[in-house]
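What follows is one structure encoded as structure tokens, with my remarks underneath.
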Amino acid sequence: MADVDGDGADDEIALGQVNTGQRLLRVLLADGSAVEYPIDTVTSTAVTRPWHGAATVDGIPGAEIVLLTDLGAHTMWFTVLTYRDGRLAELDRPSAAAGQTGGWVVDSADSGWLGYTCGRSGPASTLLVTSAQRIDGPSGTEGYDETSVLFGWAGSDWQEISRETRAYGDADPDTHRLAGWNCEGLPRFARE
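Printed below as a string of structure tokens:
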């Protein structure tokens with residue numbers, strides 16, 4: 472249950488298997504109407520539990536539905552659905568988001584990490600997109616270069632507010648703290 476359409480009332484969410492290669496997400500809205508979204512489950516790795524959660528991600532009232540759509544060794548790909556104009560549609564992640572490509576991706580590995588942090592700046596929704604890559608310095612010093620880009624919701628899309636780059640030593644306690652989903656209502660990582 473989550474308020475998907477932003478009317479202040481919880482809506483019922485169900486995710487069912489249609490056939491071997493497809494699931495169907497169905498949302499029964501509090502007003503009695505229903506919306507559906509087919510999910511292709513033929514991916515590089517079989518995702519047996521695509522439900523990840525519902526959280527407010529963008530600046531339009533209503534929770535977004537986050538589904539795990541593919542898995543790698545330590546990388547997870549997600550589809551984020553939002554309610555728009557009486558239907559469910561995919562929400563694009565911010566463009567030029569801290570070096571990320573290929574949709575909503577999270578990662579947490581020794582070689583680097585990717586993550587999203589949902590927030591607010593006054594009345595506006597924000598999304599901090601963070602990525603880091605492992606570096607091995609010429610003196611043998613190991614660590615990470617991290618880029619964090621803060622986006623604000625600008626009516627119908629994301630707009631970059633600020634960009635920060637910093638370096639971490641390998642033993643720094645801040646490493647990996649922004650990896651995964653850091654949004655109320657979502658687990659940081661998928662537990663498949």
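Numbering (our numbering), first residue to last: 472 to 663. Virtual Cβ for every residue (Gly too), placed ideally from N, Cα, C.
Item to check | Same chain, Cβ closer than 7 Å to TRP624, five either side skipped, listed in chain order | outcome: Within the sequence shown, residue 624 is the residue found at index 153, counting from 1. The residues are ASP529, GLY530, ALA595, SER596.
Checklist entry - Which of the three DSSP states, helix, strand or coil, is assigned to GLU561? => result Start at 1 with the first residue of the sequence shown, and residue 561 comes out as number 90. Three-state DSSP puts GLU561 in a strand.
Checklist entry - From this set, GLU507, THR601, TRP629, ASP481, which residue's C-alpha is nearest ARG558's C-alpha? => result Along the sequence shown, read from residue 1 onward, the residue named residue 558 stands at position 87. Of the listed residues, the one whose Cα sits closest to ARG558 is GLU507.
Checklist entry - Can you tell me where the beta strand (DSSP E) with MET547 in it begins and where it stops? => result By one-based count along the sequence shown, residue 547 stands at place 76. 546 to 555 is the extent of the beta strand (DSSP E) around MET547.
Checklist entry - So, is ARG494 buried or exposed, given that buried needs 16 or more other C-beta atoms within 10 angstroms? => result Your numbering for residue 494 matches position 23 in the sequence shown. Flag for ARG494 reads buried.
Item to check | Beta carbon of ASP616 nearer than 8 Å to that of GLY533 | outcome: In the sequence shown, the residue the question calls residue 616 occupies position 145. In the sequence shown, the residue the question calls residue 533 occupies position 62. No, these two residues do not count as a Cβ contact at 8 Å.
Checklist entry - So the beta strand (DSSP E) ARG591 belongs to, where does it begin and stop? => result Position 120 of the sequence shown, counted from the first residue, corresponds to residue 591. Unbroken beta strand (DSSP E) run through ARG591: 583 to 592.
Checklist entry - In terms of residues, what are the limits of the beta strand (DSSP E) holding PHE660? => result Counting from one through the sequence shown, the residue named residue 660 turns up at place 189. That residue, PHE660, is in no beta strand (DSSP E); it is neither H nor E in DSSP.
Next on the checklist: So for ILE484, helix, strand or coil by DSSP?
Outcome noted: Against the sequence shown, residue 484 aligns to sequence position 13. It is a strand residue.
Next on the checklist: Between THR601 and GLY590, how many whole angstroms is the CB-CB distance? I'm expecting something under 8 Å.
Outcome noted: Within the sequence shown, residue 601 is the residue found at index 130, counting from 1. Within the sequence shown, residue 590 is the residue found at index 119, counting from 1. The C-beta distance from THR601 to GLY590 rounds to 12 Å, too long to fall under 8 Å, and the pair is not in contact.
Checklist entry - Leaving out the 5 sequence neighbours to the left and right, which residues in its chain are closer than 6 Å to TRP584 when beta-carbon positions are compared? => result Start at 1 with the first residue of the sequence shown, and residue 584 comes out as number 113. Only ASP578, ALA603, HIS647, ALA650 meet the Cβ criterion.
Item to check | Pairwise C-alpha distance: ASP643 and THR550 | outcome: Numbered from its first residue, the sequence shown carries residue 550 at position 79. Numbered from its first residue, the sequence shown carries residue 643 at position 172. In a straight line, the C-alpha of THR550 is about 32 Å away from that of ASP643.
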